[in-house]
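Chains as they are written, first to last, in our numbering: chain A, 3 to 291; chain B, 3 to 291.
Here you go:
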């Protein structure tokens, strides 16, 4: 085996913008979806921050992420045509610049509203002030095409960071991420390969298995071992134990995890009456949405 | 009418702890549930921050909330018996103290494991080191009874803030919040009464209604007016417009919102072919879970 040099993946943060999230009106599923994309792309998502539709609050959260030298900062929400859509202004404020009419974004909006007019969705194809507002990007930003809606995304490179702003509508966010952001991450980010698998354990309370997990974690410091208590069923504890690994070689990373799951299986089956069931990568990560 | 004195509600923040949230493995529904509780209790939730199971990261997020003089800081997750449950240690670190064996928490755990032993869930009622770990609270904290699981919650008063730590298992979090935290908020927090209603609008794109919303917001600065685009259906735009208000008098707050919805209804029906449907408070807030 021997020691390998470890690559530290590029860091990322998500800044979620919207009163509706902090009011409890809307369950934010965007950051969970993005988190999973970043996990599989091999980045290191360090923090998710949700703030209100308030210029200073948004700019503050972005500045903090910049201060932590976060390499990929992704904002969600606040790109639309209304007065309280102010994320791009906040990005500009946080990076000491103004927003300006972005020619690429303008062209995207022209095309978009011409098409919507043809389809009869809007009554005039003209770019009203509310529509033009969506073409105001931070000076120096690149517009990211939105194939699923109107507001273009924005990419601003600032010192060592990239600030990527995506709309809050999930379909639009996903469209821009998949078509514009993921390819950029694949080209520019330091990435790792990841693997995860799990054991679903019936009959062993978390507090009883804790020493076994601590021991395994100590023996295999490259792995991340974690238990998720899932409550009880007819007086029997249910716990999901997951093992993560990351590295450069997909086969090796997979082997490490599967071997650790095997060891866990052996040690936890000593608890009677434990009932164990292996969980695939898909099953472990299926709990998200 | 005249001007009334406005009460500024107590501020709150949520700190979500857990790698599983940042990996995308688990969709965090706890903060949405809490956000809704705080909204109806009349507090001002300013920020939700999700961080990894890392002592410095967690302590850092708590320190930042303290620095913002947040009055109610609620942490979720990381209270369990395993080595990576470290939220209470982080609370201690952020407030310059140690964790100590808390006698109330110890008693709660004794009762709990005696009961689990009787029920046959655990094989010994003894408080093993992993179980005792859950009784280690920041010095000066009060234990909060968990009727739905093992790990007690924790309440630490620190300068003008209260740091409340709840388990990540949703059933346990809800139990402690409802029985221990909500009564405390009702007694100790500055609170407002809130009301919200909405209009579901078919056939008017968000960019076309933006000027109407801006105008209404300018006419009625006490209200918060916001549009949520919901995509398109057969080439027709769907937008949800919501109007929030807060104050001291429930009847007045309701009246303000309903009157604004009436004005909106009138102005938006000028757009042809707009189709409008009123949304109740329950319907507006139903999108969460």
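Heads up, the beta-carbon is just placed ideally off N, CA and C, and yes, glycines get one too. Treat the numbers as computed from the prediction; the structure is a model and nothing was measured.
With a threshold of 6 Å on Cβ separation, who are the neighbours of residue i within its own chain once the five nearest residues in sequence on each side are excluded?
i             : result
residue 150/A : 173, 174 and 177
residue 2/B   : Nothing in the structure corresponds to residue 2/B, since chain B is present only between 3 and 291.
residue 4/B   : Residue placement at residue 4/B cannot be trusted, given a pLDDT of 43 that sits under 50; the coordinates are not used to answer.
residue 63/A  : 17, 51 and 53
residue 33/B  : 16, 18 and 50
residue 182/A : 146
residue 59/A  : 53
residue 227/B : 215, 218, 219 and 245
residue 255/A : 195, 197, 247 and 249
Taking residue i as the reference, give the member of the options with the closest Cα.
i             : options                       : result
residue 287/B : 23/A, 196/A and 270/A         : 23/A
residue 269/A : 281/A, 206/A and 251/A        : 206/A
residue 115/A : 100/A, 137/A and 97/A         : 137/A
residue 93/B  : 79/B, 220/B and 105/B         : 79/B
residue 125/A : 246/B, 77/B, 209/B and 235/B  : 209/B
residue 135/B : 104/B, 158/B and 285/B        : 104/B
residue 87/A  : 260/B, 265/B, 230/B and 153/B : 230/B
residue 166/A : 57/A, 76/A, 28/A and 216/A    : 76/A
residue 69/A  : 238/A, 228/A and 14/A         : 14/A
residue 72/B  : 129/B, 158/B, 156/B and 162/B : 162/B
residue 159/B : 74/B, 223/B, 228/B and 215/B  : 74/B
residue 237/A : 255/A, 252/A, 275/A and 254/A : 275/A
residue 106/A : 130/A, 65/A and 148/A         : 148/A
residue 36/B  : 179/B, 131/B and 65/B         : 179/B
Please say whether residue j and residue i have beta carbons closer to each other than 7 Å?
i             : j             : result
residue 52/B  : residue 18/B  : yes
residue 111/A : residue 141/A : no
residue 139/A : residue 108/A : no
residue 233/A : residue 240/A : yes
residue 248/A : residue 194/A : yes
residue 197/B : residue 26/A  : no
residue 61/B  : residue 96/B  : yes
residue 263/A : residue 245/A : yes
residue 9/A   : residue 192/A : yes
residue 220/B : residue 259/B : no
residue 12/A  : residue 45/A  : yes
residue 82/B  : residue 153/B : yes
residue 84/A  : residue 212/B : yes
residue 187/A : residue 43/A  : yes
residue 21/B  : residue 55/B  : yes
Bridge partners for residue i per DSSP, in chain order?
i             : result
residue 46/A  : 13/A
residue 158/A : 165/A
residue 231/A : 241/A
residue 119/B : In the DSSP output, where bridge partners are listed per residue, residue 119/B has none listed.
residue 246/B : 198/B and 226/B
residue 145/A : 156/A
residue 281/A : 200/A
residue 76/A  : 16/A and 166/A
residue 138/B : 103/B
residue 31/A  : None; residue 31/A has no bridge partner.
residue 51/A  : 17/A and 51/B
Please work out which residues of its chain come closer than 7 Å, Cβ to Cβ, to residue i, disregarding the five sequence neighbours upstream and downstream, and give them in chain order.
i             : result
residue 290/B : Per-residue confidence for residue 290/B stands at a pLDDT of 45, beneath the threshold of 50, marking its modelled position as unreliable; the derived number appears in the next sentence. Excluding residues within five positions, the ones whose Cβ falls inside 7 Å are 34 and 38.
residue 257/A : none
residue 127/A : 115, 116 and 119
residue 157/A : 143, 144, 146, 164 and 166
residue 222/A : 262
residue 283/A : 197, 198 and 199
residue 265/A : 218
residue 129/B : 111, 112 and 115
Which same chain residues end up closer than 8 Å to residue i when comparing Cβ atoms and leaving out the 5 residues on each side of it in sequence?
i             : result
residue 301/B : Residue 301/B lies beyond the residue range present for chain B, which begins at 3 and ends at 291; the question has no answer from this structure.
residue 277/B : 203, 204 and 205
residue 250/A : 6, 9, 194 and 195
residue 271/B : 278
residue 57/A  : 88, 91, 92 and 95
residue 253/B : none
residue 65/B  : 96
Under the criterion of a Cβ to heavy atom distance below 6 Å, does residue i qualify as lining the ligand NAD?
i             : result
residue 261/A : Only the bare structure without any ligand can be found here, which leaves the ligand NAD out of the picture.
Quiz item: Is it true that the stretch 159–174 of chain A meets the stretch 103–121 of chain A, where meeting means three or more beta-carbon pairs spaced less than 8 Å apart?
Solution: no
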